[in-house]
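Just so you know, we're using the working numbering here: the sequence shown kicks off at 309 and counts up by one. Working notes for the structure below.
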Amino acid sequence: MNRLLSQISLNAFSPIPITPFAYMRFFFGAIMLWEVWRYFHHNWVYTYYMRPTIYFSYYGMDWLRPLPGNGMITLFIGLGLLAFCIMIGLFYRLTMPLFFLGFTYVFLLDQSNYLNHFYLVALLSFLLVFIPAHRAFSLDSRLRPKIYATTAPAWMLWLVRFQITIVYFFGGIAKLNSDWLHGEPMRMWLAQRTDFPLIGQFFTEEWLVVAFSYGGIFIDLFAVPLLFIPRIRWLTMALLISFHLLNARLWNIGIFPWMMIALLPLFLPIAWWERITISRRLAHQQNIYANATTYPFSKKSQRLILIFLAIYCSFQLIFPLRHFFIPGHVSWTEEGEKFSWQMKLRDKHSIITYIIVQPSTGQSWEELPEDYLTPRQLNNLPENPDAVLQFAHYLATLWDDVEVYANVLVSLNGREYSRLIDPTINLAAEPRRWGGRSAWILPLTTPLNQRR
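In C-alpha cells:
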C-alpha cells in the first residue's frame with residue numbers, strides 16, 4: 309500500500325508543461341467575458357436579478373439575496389473586469405478567487421436560473437483558484453518575472469480532465485432512461501426544426517431520431533476514452549467539435565458548446581503541449597524540463613493535496629447519483645435532478661393555479677403565479693415541485709391564517725397532462741426537504757405516447 313501511494317504521489321507531482329493551464333486560463337476568461345456581455349446585451353441582469361419580487365432559493369441557501377439597488381449591475385461589471393484580468397493573466401491570484409466567489413454567488417441566487425454549464429463554470433473557477441495558470445503567458449509573469457514557471461504538477465491537468473469527463477459521462481448515464489431510449493423528447497424537438505439547413509428535411513425520419521438519441525449516448529459515454537487512443541484521437545476531436553457545433557445551432561444552450569470545444573485541447577497528449585511550449589527560449593532546448601521551475605511541495609503538502617483530490621473526486625462521482633435513491637422519475641419529481649448533469653433530457657408543458665383558503669372567514673380564491681413572477685420564473689415554477697412549494701410558502705405570507713393548495717397539471721415528453729402535486733394537501737404547512745421523497749408529489753403514472 310505504501311508503495312502504491314508513493315507511486316501515485318510521484319505521478320501526481322511529476323512536472324508537465326504549464327502551457328495547457330495558460331491556454332485554459334485565456335479561453336476561460338474570454339468566454340466568461342463574453343457571457344457577461346451577453347447578460348448586459350439581453351438585459352438579463354435586470355430581468356433575472358433585479359426585477360423579481362421573490363427568488364427561488366436552493367435548499368439551505370435562502371439567506372442569499374441579490375444586492376440592493378444597482379448592486380447587481382455593479383457586480384456583473386466587476387465580473388466582466390475580473391474575467392478580462394483572468395484572460396490576460398493580471399493579478400490572477402486575486403482575480404480568480406474573486407471571480408469564483410462572485411459567480412457562485414450569482415449562480416446560487418435563484419433556482420429558476422439553474423444551468424448545468426453554470427455549475428460547470430463554478431467548478432472550473434474553483435479548480436483554477438488552485439492552478440498557477442498565471443505563471444506563464446500572462447501579464448503577471450511579465451510584471452513579476454520571479455513567478456515565471458515552465459512546468460506545473462501533473463495532478464492539476466488530470467483533475468481538470470476528470471471534471472470534464474464527469475460532465476460527459478453523467479450526461480450519458482442520464483440518457484439511459486426509458487423515454488430517451490424510446491426517442492423522446494428528441495422526436496418532438498426535431499419535428500419542430502424541419503427548417504434546419506440541409507438536414508432539416510430528414511428530422512421527421514425515424515432513423516434520424518434514433519441516430520440523434522443513441523448517438524448522444526455514445527458520444528457522452530465513450531468520447532473521452534476515445535480521446536486517449538492515438539490513432540483515432542483527432543477523429544474523435546472532430547466528431548466532438550461537430551457535435552457541439554450542431555448543438556449550438558440547433559438548441560439554445562448558451563456558452564456550453566463553445567466552452568466544451570475550448571476545453572478539448574486539454575486532452576491532447578503532454579508531448580503535444582511540449583512541442584508548442586509558450587517560451588521561444590524553451591522551444592530551442594532539447595529538454596524543456598531543464599532548469600524547470602515549478603511549485604515545491606513538501607511531503608505533508610503532497611499528502612494534504614492527495615486527500616483533497618480523493619474527497620473532491622469522490623463527491624463528483626457520488627453526488628450526481630443521488631436521484632437513483634429517491635423514488636420516482638427524476639424528470640418528473642425533479643428531486644436530485646440539479647447538479648447531476650441531467651442535460652437537455654426532458655420536455656415539459658404545464659398549467660398551474662393556486663387556491664387560497666382562509667378558514668377563519670370561510671373564503672377561498674384563486675391566485676395566478678403570472679401576477680407575481682417573471683416569465684423565466686413562471687416557466688420554471690410548474691416543472692419544479694420545490695419551486696411550487698416555495699411559492700406556496702410565499703403566498704401564505706401575504707394573508708393571515710391561510711391554507712395554500714396547488715393545481716398543477718404537467719405533460720412530460722408528450723404524455724397526456726396529469727397531476728404533479730396532490731391538490732388536497734396544504735402546501736403552506738409542508739416543510740422543504742432535501743434528499744428524500746416528498747409525499748405531496750404525485751407519482752408519474754401516465755405512459756409515454758409511442759409516436760411514429
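For glycine and all other residues, C-beta sits at the position ideal for the given N, C-alpha and C. This structure is a prediction, so every number in the text was calculated from the model and none was measured.
Item	Value
For a test of the three-state rule: what should DSSP assign to Ile660, helix, strand or coil?	strand
Please classify Ala700: does DSSP put it in a helix, a strand, or coil?	helix
Who are the near neighbours of Tyr400 in its chain, counting only those whose CB is closer than 8 Å to its CB and skipping five residues on each side?	Arg333, Cys393, Ile394, Ala441, His442, Ser446 and Asp448
Using alpha carbons as the reference points, say which of Arg373, Ala519 and Leu571 lies closest to Ala338.	Leu571
Compare the C-beta of Pro565 against all C-beta atoms of chain C and say whether one is closer than 8 Å.	Included in the structure is just one protein chain, with no chain C present.
On the DSSP letters alone, give me the boundaries of the alpha helix (DSSP H) that Trp566 sits inside.	Phe564 to Leu571
Taking C-alpha atoms, which residue in Met369, Met340, Phe477 and Phe633 lies nearest to Gly744?	Phe633
Where Leu375 and Phe407 are concerned, what is the direct C-alpha to C-alpha distance, given to the nearest angstrom?	16 Å
Who are the near neighbours of Gln593 in its chain, counting only those whose CB is closer than 6 Å to its CB and skipping five residues on each side?	In this prediction, Gln593 has a pLDDT of 48, which is less than 50 and means its spatial position is unreliable; nothing more can be read from the coordinates.
What is the DSSP secondary structure of Tyr400, counted as helix, strand or coil?	helix
Note down, one range per segment and in chain order, each beta strand (DSSP E) of at least 3 residues found wholly within the segment 450-479.	459-461
Note down, in chain order, each residue of its chain lying with its Cβ closer than 6 Å to the Cβ of Asn421, except the 5 sequence neighbours on either side.	Tyr356
Should Asn378 be labelled buried (16 or more other beta-carbon atoms within 10 Å of its own) or exposed?	exposed
Could you please give the first and the last residue of the uninterrupted alpha helix (DSSP H) stretch that includes Pro533?	Glu514 to Leu535
Less than 8 Å between the beta carbons of Leu653 and Ser639, yes or no?	yes
Exposed or buried, which one is Phe329 when buried takes at least 16 other CB atoms within 10 Å?	buried
How would you label Arg771, buried or exposed, when you count the other beta carbons within 10 angstroms and need 16 or more for buried?	Because residue 771 is not part of the residues shown, which for the chain are 309 to 760, the question remains open.
Could you give the C-beta distance for Phe510 and Ile527, rounded to a whole number, given that I count them as a contact under 8 Å?	Rounded, the Cβ-Cβ distance is 19 Å, inconsistent with contact.
Go ahead and pull the three-state DSSP assignment for Glu711.	strand
Helix or strand or just coil, what does DSSP make of Leu576?	coil
Taking its Cβ as the centre, do 16 or more other Cβ atoms sit within 10 Å of Ala618, making it buried, or is it exposed?	exposed
Would a C-beta distance cut-off of 8 Å place Arg723 and Leu750 closer than the cut-off?	no
Within its chain, find whatever has a CB closer than 8 Å to the CB of Thr382; leave out the 5 residues flanking it on each side and keep chain order.	Leu375
Residue ranges of each alpha helix (DSSP H) run of no fewer than 4 residues wholly in the segment 635-685, ordered along the chain?	638-641
Between the Cα of Gly480 and the Cα atoms of Asp679, Leu465 and Gly524, which residue gives the shortest distance?	Gly524
Is it buried or exposed, Lys483, if we count other Cβ atoms within 10 angstroms and call 16 or more buried?	buried
To which residues of the same chain is Phe470 closer than 8 Å at the C-beta, ignoring the five residues directly before and after it?	Cys621 and Gln624
With DSSP as the reference, please indicate the residues paired to Val716 in a beta bridge.	Ile660
Can you name the residues that DSSP bridges to Ser726?	Val718
Measuring CB to CB, does Pro690 end up less than 8 Å from Val716?	yes
Around the Cβ of Leu728, are there at least 16 other Cβ atoms within 10 angstroms (buried) or fewer (exposed)?	buried
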